[in-house]
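In the working numbering, the protein residues as written are 20 to 393. See below for the structure under consideration.
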Amino acid sequence: MKSVASFFFAILLAAPLGASAEKPKSEQTRQYTFAWKFSDKDKMKPRGGTTTGSSITLVKKASAEWQALQAAGLSKKEKDRRAILAMAGPYRASFDFVETTGFTEDYEPPAPYQSWGTEYVYVLTDENDFISLQHVLVMFMENKDGEESDPIVVKHWRQDWRYQSRDLYQYVGHSTWQHLRLSRRAVADTWSQAVFQVDDSPRYHSYGRWEHRSNYSSWISAETWRPLPRREFSVRDDYHTLIGFNRHTITPNGWVHTEDNKKAVLTQEGKLVADTPYIALETGLNRYERIRGHDWSAGHAYWKKTGPFWAEVRAVWQELIQKRKGIALTNKVNGRSLFITLFMLASRHPAKTFDANEANSAILSAIAPYLRSS
């Protein structure tokens, strides 16, 4: 398994997280036709991963998780729970984003973004009113000679689902999150989804209702503010936040996360700029297709080794969130992002010798320099 340092520099710093390109069976030119039929093909060539991933095998039959969701006699809440749990398992995850509408004079669409990776979604917690899912990338690359690399394991994002939660920790721009209290009426029959970064810091938080049909189940969020993802902040700085809606749709052999995002410009106070509040509208489609035959053993081993450490990281963040009305973060301290520090700490606190008090102290010391007054 690749070391922490290797993965940071090869994956996170050289390309967006999880980016890789599947090796084609024959030489083909990547094409993009949606939304910009008459645009210059060279300018609209998708950006994203440039590495070559190993081949995969898709699962075509309905999964056991899907069949569990279709069982007769389930309550609405239990259907909701099973839809959320159906997102767990082994996947090829692909990520596609394209700006479809520009709101400024002389607007020119940027190149769309495409990447993919192989990702296992673990169930961390399965309780009546709360489900937590952890995404972990386990990727194999092929070099020019066709030789396959050792597995590269990347702890990815996390999603926490809570039933009828009145408390949201919403993003308000400029790396700042604030507590929002909702009414009981507003959250009746809803599930909130809290999404966390790779370092388990907050990313975005919203709520919505599940809808169930005979051949799909779908959840759509309320309007949600989100910080820029790596695919954006690594290449541009002309806007500050994404404002839009997320939809999670469960299908017989996977699930799809669609996004409808406005790219918003904010004042220093976190308000929309009056004359040009939005610069563009973006459509995103993240597709999770079940696969078989992929070797996930390195991911399982990594999570067994570091699981207690990351549980302590989650506990530290939860305590910080509960104690504060808001959290504001500095993106880098001494040129280093927080996730790098925490991933290095994870390797120093393995499960075999794990001491919760020692880890807690190290985690608090690591996070503290990144906290600023909100």
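Where is the CB? At the ideal position from N, CA and C, for every residue including glycine.
Here A283 really is in contact with T260; their C-beta atoms are around 5 angstroms apart, less than 8 angstroms. In this chain, D99 is not harboured by any beta strand (DSSP E); it is covered by the alpha helix (DSSP H) spanning 95 to 104. V140 is bridged by DSSP to G108, H154. Less than 8 angstroms separates the beta-carbon of H154 from that of R177. Around the CB of L199, fewer than 16 other CB atoms lie within 10 Å, so the residue is classed as exposed.
Here the region 204 to 223 does not lie against the region 300 to 318, with fewer than 3 beta-carbon pairs under 8 angstroms apart.
Annotation for S73: F159, E161, E167 place their beta carbon closer than 7 angstroms to its own, counting only its chain and skipping 5 residues before and after. Taking a cut-off of 8 angstroms for Cβ pairs, the region 334 to 354 and the region 283 to 300 do not touch, as fewer than three such pairs fall below it. Residue range 186 to 192 is occupied by the beta strand (DSSP E) that includes Y188. Between Y141 and V157, the C-beta spacing is not below 8 angstroms. In the displayed model, I310 falls within a strand according to three-state DSSP.
Looking at R228, L247, A317, the one whose alpha-carbon comes closest to that of D169 is A317.
Annotation: V217 to P248 spans about 12 angstroms, alpha carbon to alpha carbon. Cβ contact annotation for V172 (same chain, cutoff 6 angstroms, sequence separation greater than five): M20, V157, A317, G318, Y321, in chain order.
Apart from sequence neighbours up to five positions away, the residues of its chain that approach R391 with a beta-carbon distance below 6 angstroms are A347, T349, ordered along the chain.
Each residue's CA atom was taken as its position, placing L383 and A241 some 33 angstroms apart. DSSP, reduced to helix, strand and coil, places P65 outside both helices and strands of the structure shown, so it counts as coil.
In the three-state reduction of the DSSP assignment, F114 falls in the strand class, which pools E and B. When only Cα atoms are considered, S151 and E124 end up about 44 angstroms apart.
In this structure, DSSP gives W55 a state outside helix and strand, which the three-state scheme calls coil. Closest in alpha carbon position to Q183, among K163, L143, G92, S225, is S225. Straight across, the Cα-Cα distance linking D314 with A107 is about 16 angstroms. Looking at E278, Y389, H231, the one whose alpha-carbon comes closest to that of E97 is H231. Nearest neighbour of G354 by Cα position, chosen from Y389, D179, K371, P327, turns out to be Y389. DSSP, reduced to helix, strand and coil, places E146 outside both helices and strands of the structure shown, so it counts as coil. Secondary structure at V352: strand, using DSSP grouped into helix, strand and coil. Here F116 is near R250, since their CB atoms are less than 8 angstroms apart.
The beta-bridge partner set that DSSP reports for I239 consists of R228, R266. Around the beta carbon of G227, a 10 Å sphere encloses 16 or more other beta carbons of the protein chains shown; the residue is thus reported as buried.
Between I239 and A105, the CB-CB gap reaches or exceeds 8 angstroms.
For S384, the enclosing alpha helix (DSSP H) stretches over residues 375 to 386.
Distance check between S194 and each of S220, F122, F373, T119 places S220 closest, using alpha-carbon atoms only.
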